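Worksheet: the structure to be examined is printed underneath.
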Amino acid sequence: MSKVMPVITRKGHEDKQTTQSGGCVRVSGVGPQHTPATKIWFGKVSNEPGYRSYPHHHGEAETGGYVLKGKARIYFGENFSEYLDMEEGDFIFVPPFWPHVEVNMSTTEELVWLTTRTPDNIVVNLPDVADETLVGFRRA
1 MSKVMPVITR KGHEDKQTTQ SGGCVRVSGV GPQHTPATKI WFGKVSNEPG YRSYPHHHGE
61 AETGGYVLKG KARIYFGENF SEYLDMEEGD FIFVPPFWPH VEVNMSTTEE LVWLTTRTPD
121 NIVVNLPDVA DETLVGFRRA
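The sequence shown begins at 1 in full-length UniProt numbering and counts up one residue at a time.
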């Protein structure tokens with residue numbers, strides 16, 4: 001039986017072969033694809049100024065998010081007409097199979113999330129919606 005050891009993923013060596021969602025870019029620091037992890041995914045998610053994700057959900061994964069930098073809005077509900085605003089220091093729990101759109105509300109500053117999921121980085125992209133349906137969203 002082989003010995004399981006801690007694994008460090010150095011800056012610049014994150015796994016970038018993750019599922020993307022439009023303007024939402026995910027990189028993996030801890031995950032089954034490049035570490036011995038079997039029940040957790042932990043990564044960094046970013047949106048450039050004025051960008052947003054496609055509508056998506058995370059399958060059976062439970063997701064925890066933390067806004068490291070920027071101002072975020074998460075749209076959900078019928079035709080994505082409801083939303084929650086977040087800023088640096090805020091945490092969010094995203095339930096399994098919850099359709100949503102992640103938005104960078106700034107047209108000048110990057111939005112950066114730290115995100116963890118169990119069991120893995122599951123991303124299921126859904127049909128896109130027009131920017132105009134997302135109240136208050138504007139592109140850079």
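C-beta: ideal position from N, C-alpha, C; glycine also. Values in this document were obtained by computation on a predicted structure and should not be read as measured data.
request  = Tell me, please, whether the segment 12 to 32 touches the segment 70 to 77 by the rule of three or more beta-carbon pairs shorter than 8 Å.
outcome  = no
Same chain, Cβ closer than 8 Å to V124, five either side skipped, listed in chain order = H56, H57, H58, G59
inquiry  = Tell me whether the segment 98 to 112 and the segment 131 to 138 touch, counting them as touching only if at least three CB pairs, one residue from each stretch, are closer than 8 Å.
reply    = yes
key: Delimiting residues of the beta strand (DSSP E) encompassing Y66   = 62 to 69
ask   = Which whole-angstrom value is the C-beta distance of S53 and V129, which I expect to be below 8 Å?
value = Not confirmed; about 11 Å, so no contact.
task = Output the distance between the C-alpha atoms of D15 and K44, rounded to the nearest integer angstrom.
result = 10 Å
key: Opposing strand residues paired with V112 [DSSP bridges]   = S46, K69
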